[in-house]
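Worksheet for the structure shown next.
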Amino acid sequence: MTTRRDFIAASALSAAAIALTPLAACSQETPVPSASTAAPPAETPAETPFSGTLITRAIPASGEKIPVIGMGTSGSFEVGASPAERDPLREVLKRFIAAGATVIDTAPTYGSAEDVLGDLLAEAKSRARIFLATKLSGVSGRDEGLAQFNDSLRRLRTDKVELLQVHNLRDTDTQLALARELKQQGKVKYVGLTHYQEGAQAELADLMRRLKPDFVQINYSPVSRGAEKTIFPLAQDLGVAVMINRAFEDGRLFGQVKDKPVPDWAREVGADSWAQLFLKFAISQPAVTVVIPATSKPKNQTDNLKAGVGALLDEKQRAALVAALG
Ligand SMILES: NC(=O)c1ccc[n+]([C@@H]2O[C@H](COP(=O)([O-])OP(=O)(O)OC[C@H]3O[C@@H](n4cnc5c(N)ncnc54)[C@H](OP(=O)(O)O)[C@@H]3O)[C@@H](O)[C@H]2O)c1
110 MTTRRDFIAA SALSAAAIAL TPLAACSQET PVPSASTAAP PAETPAETPF
160 SGTLITRAIP ASGEKIPVIG MGTSGSFEVG ASPAERDPLR EVLKRFIAAG
210 ATVIDTAPTY GSAEDVLGDL LAEAKSRARI FLATKLSGVS GRDEGLAQFN
260 DSLRRLRTDK VELLQVHNLR DTDTQLALAR ELKQQGKVKY VGLTHYQEGA
310 QAELADLMRR LKPDFVQINY SPVSRGAEKT IFPLAQDLGV AVMINRAFED
360 GRLFGQVKDK PVPDWAREVG ADSWAQLFLK FAISQPAVTV VIPATSKPKN
410 QTDNLKAGVG ALLDEKQRAA LVAALG
């Protein structure tokens, strides 16, 4: 399978067209102690290690708490077996685990990502600490879905996953029924639906009402705020956990702030990078359970993890971030 670099089709919604969701402090939030406070080796003199405790949010279906910063594997984990390709990812994973983060999202259609993740987790003896999310992806019918799931287990070197999601709303009824069957068998803990484009959110909302999954995964960022309109309020009404993909618009947001200094007000929320502001923007929504930025670089992993501690953004700060990207 080739590297997935999907295309964002939806245009950015006007900030004025969307009412800001109330950002009252989330009662589900509690800090969790980090697994380690050991400082990772600095790559540059300016890099400071992660410290503190990641905020957690509860999965509505169970009350189980998960840290708000997770990670994706699309692109970033689609590598070969050479040390040059794997060593940085080994460190990306090490820093993630040391910070107490748990949620990792992958898919059988992300090239070699499941194999690489399975190998690195086995090598680090860390499978038990990870909330592993994969997908039923591009398959039609129960048999194809089941064969793909069994292959995912083999590639991930595990006998169960925490979350099995129907990818991009393809063959949704059949694949979600299969995911639920696997849940009954104890091979899957939660079931979900995913998409990555605002244009699919109306269909996703209908499916949420009809099928009531445990999780939905969707795109959300300061320039793609469609989820504020329907998905977030609906998720809160129905008790569905929300996982955010494309918080950096697949990296394009960094191009938009290139050469712009991080605003002074970032210090008020303990942030010192644009990445931390973009991630705090996502988790400032009370409906959001976890955000899954993807990186292949240890220093960026540390940067992303730092977004999960300290204060989140208030409405004024969120509006300032949207304006900075305008
Ligand atoms: N349909 C679906 O279900 C669907 C669709 C899309 C994505 N997803 C999931 O969501 C995950 C995230 O989405 P995504 O991979 O499309 O993109 P993303 O997380 O929005 O952006 C990833 C890009 O940001 C860069 N980056 C990460 N951290 C950074 C930092 N601190 N500073 C500067 N640059 C940074 C990465 O480059 P470096 O490697 O150089 O850090 C990479 O180019 C995916 O990996 C996948 O698991 C699911």
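In the numbering used here, the protein residues as written are 110 to 435. Glycine included, every Cβ here is placed at the ideal spot set by N, Cα and C. Just so we're clear, the structure is a prediction, and the values are computed from it rather than from any experiment.
Sorry if obvious, but does the Cβ on Lys406 come closer than 7 Å to a heavy atom of ligand 1? Taking the first residue of the sequence shown as 1, we reach residue 406 at position 297. Checking the Cβ of Lys406 against ligand 1 gives yes.
Indicate whether the contact test is met: 3 or more Cβ pairs, each with one atom in the stretch 410-429 and one in the stretch 346-354, closer than 8 Å. no
Could you give the C-beta distance for Thr446 and Gly209, rounded to a whole number, given that I count them as a contact under 8 Å? Absent from the structure is residue 446, since the part of the chain shown begins at 110 and ends at 435.
Measure the alpha-carbon distance for Asp423 versus Ser393 and round it to whole angstroms. Sequence index remark: in the sequence shown, residue 423 carries index 314 (1-based). Sequence index remark: in the sequence shown, residue 393 carries index 284 (1-based). Each residue's alpha carbon lies about 8 Å from the other.
Is the beta carbon of Leu291 closer than 8 Å to that of Val325? Taking the sequence shown and counting its residues from 1, the one referred to as residue 325 is at position 216. Taking the sequence shown and counting its residues from 1, the one referred to as residue 291 is at position 182. Contact: no.
Whose CA, out of Ala286, Gln385 and Glu223, lies closest to the CA of Trp374? Residue mapping note: residue 374 aligns to position 265 of the sequence shown, counting from 1. Measuring from the Cα of Trp374, the nearest candidate turns out to be Gln385.
Please determine whether the Cβ atom of Gly181 lies at a distance below 7 Å from any heavy atom of ligand 1. Position 72 of the sequence shown, counted from the first residue, corresponds to residue 181. Yes, since a heavy atom of ligand 1 falls inside the 7 Å radius drawn around the Cβ of Gly181.
6 Å Cβ shell around Gln284 - same chain, five flanking residues per side excluded: By 1-based counting over the sequence shown, the position of residue 284 is 175. These residues qualify, in order along the chain: Leu245, Gly254 and Val275.
My assumption, with CB atoms under 8 Å, is that Leu229 sits in contact with Thr215. Please give the rounded CB distance. Along the sequence shown, read from residue 1 onward, the residue named residue 229 stands at position 120. Along the sequence shown, read from residue 1 onward, the residue named residue 215 stands at position 106. Rounded, the Cβ-Cβ distance is 11 Å, inconsistent with contact.
For Glu173, name the three-state secondary structure that DSSP assigns. Taking the first residue of the sequence shown as 1, we reach residue 173 at position 64. DSSP places Glu173 in the coil class of the three-state scheme, outside both helix and strand.
Locate the alpha helix (DSSP H) running through Phe274, then write down its first and last residues. Counted from its first residue, the sequence shown places residue 274 at position 165. The amino acid occupying residue 274 in the given sequence is Gln; Phe does not appear at that position. From DSSP, Gln274 is part of no alpha helix (DSSP H) but of the beta strand (DSSP E) over Val270 to Val275.
Looking only at DSSP bridge pairs, what is Asn328 linked to? Residue numbering aside, residue 328 sits at position 219 when the sequence shown is read from its first letter. Answer is Asn354.
From Glu173 to Glu271, what distance separates their C-alpha atoms? Along the sequence shown, read from residue 1 onward, the residue named residue 173 stands at position 64. Along the sequence shown, read from residue 1 onward, the residue named residue 271 stands at position 162. If I take the Cα positions, the gap works out to 12 Å.
C-alpha gap between Trp383 and Gly360, whole angstroms: Looking up residue 383 in the sequence shown gives position 274. Looking up residue 360 in the sequence shown gives position 251. Distance between the alpha carbons of Trp383 and Gly360 is about 11 Å.
Taking only beta-carbon positions, decide if Phe258 is within less than 8 Å of chain C. No chain C is part of this structure, which consists of one protein chain only.
With burial defined as no fewer than 16 other Cβ atoms inside 10 Å of the residue's Cβ, what is the status of Asp315: buried or exposed? By 1-based counting over the sequence shown, the position of residue 315 is 206. That one is exposed.
For the stretch 172-189 and the stretch 387-401, state whether three or more C-beta atom pairs, one from each stretch, are separated by less than 8 Å. The stretch 172-189 vs the stretch 387-401: in contact.
Beta-carbon gap between Glu223 and Arg195 smaller than 8 Å: Here residue 223 corresponds to residue number 114 of the sequence shown, with the count starting at 1. Here residue 195 corresponds to residue number 86 of the sequence shown, with the count starting at 1. Result no, Cβ atoms of Glu223 and Arg195 do not sit closer than 8 Å.
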